[in-house]
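The sequence shown runs 2 to 669 under this note's numbering. We put the CB at the ideal spot given by N, CA and C, even for glycine. Bear in mind the structure is a predicted one, so any value in this text is a computation, not a measurement.
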Amino acid sequence: MDPVFNDRTQFPSFYRTVPNEEAEIDGIVQILKHFGWKWVGLIISNDDTGYRARERIIKALADIGGCLAFSAVIKKQNIDYDYYVITGTIMETSAKVIVVFLTTKFTSTFAEYFCIQKMPKKVWIMTSFFPSLMFFRQNELGITFNGSLSLLIQEGDIPGFQHFINTFSLKSYPKDYYIKFAWVGFFKCSLKNCTGNESLLDADLFVYGTTNYRVTYRVYTAVYALAHALHNLYSAQPPANHWERSEYLKRKVKPWKINNYLRRAIFTMSSGDTQYFDEHGDPPARFDINKWLFLPNNLINIRKVGYFNVSKNERYLHINNNADLWKPYFNMAPESLCNAACAPGYRKSKIEGKPLCYYTCVQCSDGEMSNTTDAVTCVKCSDDQTSNRQKTDCVPKVINYLSYMDTMGGSLTSIAFILFITTSTVLGIFVKHWDTPIVKANNQNLSCILLISLMLCFLCTLLFIGRPTKICCLLRQVTFGIVFTISVSCLLAKTLTVIIAFNATKPGSKLKKYVGTQLSIILVIVCSLGETVISAAWMASNPPFQEVDKTETDTIILLCNEGSVTFLFSIIGYMGSLALLSFIAAFLAKDFPDRFNEAKNITFSMLVFCSVWVTFVPAYLSSKGSRMVAVEIFAILSSSAGLLGFIFAPKCYIIFLRPELNTRVAAK
């Protein structure tokens, strides 16, 4: 079974009748993988076979994230010392599965280790040496290894063998010492007490029935293979008659001639199995997986629970996972892991200084998921998906934009309509009281333009609410900028009108010619034209457009990309400059002796306006998605409401509550 014979350059005529040891190791590895056992103890023999098995099993466990809990070596010397070390290790280990890979010459030594002390309940996985251990069985061995799994080379049917067993008698071979010695082993009698009439059907065949029959079957298979090779050789050069055939077989057939035909021999056994030799001279590797149950009165029940086949580099493992597979010590397949498995939604994270299979479980980050147990890594969700709360699946991201159906969007919409209606009402009041002193004193036309522009300011906030569209993205900033510029320009014109009117009363003033002219309307048009030019340049060079932002882990943000932040803040900066000029002019004119002088009101309104938009910039830049839009809407509504309140609330107060002041006499 040594893999060294795989080298066909050194051993061109070597053919195995049993699989090589690597196939048996692979069978054990497949069993470990099948049941997910990653924390495994290993006992090997002190020879090349044992060390090769350990190296191969360590590599296979590493491939599935497992490792050895311990590795013990059975030696023929220092038994007393090694006994305490190995048994102590087994008593202390947390591994539920122990693999034993020994060659048969270490069987007796292994039996000495485990025939005295009872071991904790484990799942033992044995190689094909295990049946030979039964020769040394004691009660303790039966308790320790009860329910063990072992690999045995698959047996087949030998024609006539059952008849041979039924008719075999010691009297048929009276002078064969080896048969007499075997007979004593079968029936536990001495050479003097054995009568020779005993039947093999009643013999204690617990060892020979599981090993020697398989050996016999392999020899039988080899003879078949040779027969086919000779037949093919003979068929290639058939002699003319029987005498020539006999001479040909005696003289011409040499072993080296058979080799070429033996290598290509393919035949089917009576069991239906196809036999051949691969490029290494190996037959197909077929193993039975047997469960050993030790019953009272030294009886043994061997059940076939599966099989493992290797054929032309293909491996196939089958195990009958029935309810009593794990009896008598376990009710279900035991777990043998370094630590508890990571649940879906978590990934493994190695613990420094611990063996490879030791790890801690770390929950997947937002936007990542794992839907398997013991996931090595978390899978990143696609751009339009995010992970659920448990991090076990990817779900569609929430679409984020300021909707009319949202609490915030609905509230801002309601406020905008309320302020629009309020402004419309004020406009109606001014039209109704058009000829009263308080309306005339504050430039009726500018007041109307201001009120209309404020109404449009409130309405333009609706362009910011709802699912962003191409038209809304293009219009909302420039519409707001132009309309708001008209409002601020009206206030600047009102303030300059007050200053001109006051200074025109001075003797020799050159400003008299501007009193009563359309200077204020021209000023509004010129200031608004500046904002219009900036907006046109923006639309021509780098206009706003729709955008989908998928960078957030749990939301898809639908937004309007402003195209150029420079132009956006140029519009706001232009309005701010006009507001600052209005504030300075109004502040200078606030103490002019006129009952209806609204410079003081304009001063407060511009102070509110500037405060709102100064705080808007950092708040806007630090927000995303619907919050960014809400910040701008709030700035528009609050600054517009400030203008409406500070400019027109005092006038409405006089019109309705102090009508006696709204007279020419009181105005002087």
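**Asked** Are the beta-carbon atoms of I535 and S571 separated by less than 8 Å?
**Response** Yes.
**Message:** Just to confirm my understanding: we take M2, look at its own chain, exclude 5 residues before and 5 after, and list those with CB closer than 8 Å. What are they?
**Reply:** Answer for M2: R17, V19, P20, N21, E22, E25, T50, listed in chain order.
**Item:** Under 8 Å between C-beta atoms of W614 and I573
**Value:** In this structure, W614 places its C-beta atom within 8 Å of the C-beta atom of I573.
**Three-state secondary structure (DSSP) of P256** = For P256, the three-state secondary structure derived from DSSP is helix.
**Message:** Quick check on DSSP: helix, strand or coil for D385?
**Reply:** D385: coil per DSSP, three-state reduction.
**Message:** Let's test the definition: count the other Cβ atoms within 10 Å of the Cβ of R265 and tell me whether it reaches 16, buried, or not, exposed.
**Reply:** It is exposed - the Cβ of R265 has fewer than 16 other Cβ atoms within 10 Å.
**Prompt:** Roughly how far, in whole angstroms, is the beta-carbon of T128 from the beta-carbon of V101, given that I think they are within contact range, below 8 Å?
**Reply:** With a Cβ gap of about 7 Å, T128 and V101 count as contacting.
**Prompt:** Looking at L457 and L681, is the spacing between their C-beta atoms short of 8 Å?
**Reply:** As shown, the chain starts at 2 and ends at 669. That puts residue 681 outside it, with no answer to give.
**Item:** CB of L492 within 8 Å of CB of S640, strictly
**Value:** Annotated as distal: L492 and S640, with beta-carbon spacing of 8 Å or more.
**Request:** Report yes if the CB atom of T108 is closer than 8 Å to the CB atom of L142, and no otherwise.
**Result:** In this structure, T108 sits away from L142, with a CB-CB distance that is not shorter than 8 Å.
**Asked** Which residues mark the beginning and the end of the alpha helix (DSSP H) in which Q445 is found?
**Response** Counting along the chain, the alpha helix (DSSP H) containing Q445 begins and ends at 445-461.
**Prompt:** In whole angstroms, what is the alpha-carbon distance linking A442 and F588?
**Reply:** A442 and F588 have their C-alpha atoms roughly 19 Å apart.
**Item:** C-alpha distance - I166 paired with W184, whole-angstrom precision
**Value:** Rounded to whole angstroms, the gap between the alpha carbons of I166 and W184 is 13 Å.
**Message:** Taking contact to mean 3 or more Cβ pairs, one atom from each stretch, closer than 8 Å, check whether the region 334-342 and the region 88-98 are in contact.
**Reply:** Contact between the region 334-342 and the region 88-98 is present: 3 or more CB-CB pairs across the two stretches fall below 8 Å.
**Request:** Take every Cβ of the region 646-664, pair it with every Cβ of the region 430-448, and state whether three or more of those distances are shorter than 8 Å.
**Result:** Touching, yes.
**Request:** Take L62 and list the residues in its own chain whose beta-carbon comes closer than 6 Å to its own, dropping the five residues that flank it on each side.
**Result:** Leaving aside the five residues that flank L62 on each side, the residues in its chain whose CB is nearer than 6 Å to its CB run, in chain order, C68.
**Asked** Which residue or residues does DSSP assign as beta-bridge partners of C68?
**Response** C68 is bridged to W40.
**Request:** Assign G564 to one of three DSSP states: helix, strand, or coil.
**Result:** Here G564 sits in coil by DSSP.
**Prompt:** Do the region 386-393 and the region 401-409 make contact, defined as three or more Cβ pairs closer than 8 Å?
**Reply:** A contact between stretches requires three or more CB pairs, one per stretch, nearer than 8 Å, and the region 386-393 fails this requirement with the region 401-409.
**Request:** Taking the CB atoms as reference points, tell me whether I59 and Y114 lie closer together than 8 Å.
**Result:** The Cβ atoms of I59 and Y114 lie no closer than 8 Å to each other.
**Item:** Bounding residues of the beta strand (DSSP E) (the contiguous stretch that carries P397)
**Value:** Residues 395-397.
**Request:** Find out if the Cβ-Cβ distance for the pair I487, S529 is shorter than 8 Å.
**Result:** S529 is positioned such that its CB atom lies closer than 8 Å to that of I487.
**Item:** Option in E548, D555, N446 with minimal Cα separation from R468
**Value:** Residue E548 is the option with its Cα nearest to R468.
**Message:** Quick check: what's the CA-CA separation for F546 versus C379?
**Reply:** One C-alpha to the other measures close to 35 Å.
**Message:** Bridge partners for G307 per DSSP, in chain order?
**Reply:** Looking at the DSSP assignment, G307 forms a beta bridge with I290, I320.
**Item:** Beta-carbon proximity list for I648, same chain, < 6 Å, skipping 5 on both sides
**Value:** These residues qualify, in order along the chain: N602, S606.
**Asked** In the DSSP assignment, what are the bridge partners of E369?
**Response** BP columns for E369 point to K381.
**Prompt:** Under 8 Å between the Cβ atoms of T423 and I466?
**Reply:** Taking C-beta atoms as the reference points, T423 and I466 fail to come closer than 8 Å.
**Request:** Please name the residue, chosen from R287, D283, C611, F15, that lies closest to L581 on a Cα-to-Cα basis.
**Result:** Nearest option by C-alpha distance: C611.
**Item:** Pick from T533, N323, D375 that is closest to G346, judged by C-alpha positions
**Value:** Ranking T533, N323, D375 by Cα distance to G346 puts D375 first.
**Message:** Under 8 Å, with one C-beta from each stretch per pair, do the region 296-304 and the region 271-282 reach the 3-pair mark?
**Reply:** No contact exists between the region 296-304 and the region 271-282.
**Prompt:** Are the beta-carbon atoms of L263 and A286 separated by less than 8 Å?
**Reply:** Against a cut-off of 8 Å, the Cβ pair of A286 and L263 comes out as no contact.
**Local conformation of F207 per DSSP, three classes** = Bear in mind that the predicted position of F207 carries a pLDDT of just 45, short of 50, making it too unreliable to give a figure here.
**For M409 and A667, the rounded distance between their alpha carbons** = Unreliable positioning characterises A667 in this predicted model, as indicated by a pLDDT of 49, which lies under 50. The coordinate reading is nonetheless provided below. Approximately 46 Å, taken between the alpha carbons.
**Request:** State buried or exposed for G354, treating a residue as buried only when at least 16 other CB atoms are found within 10 Å of its CB.
**Result:** Burial call: exposed.
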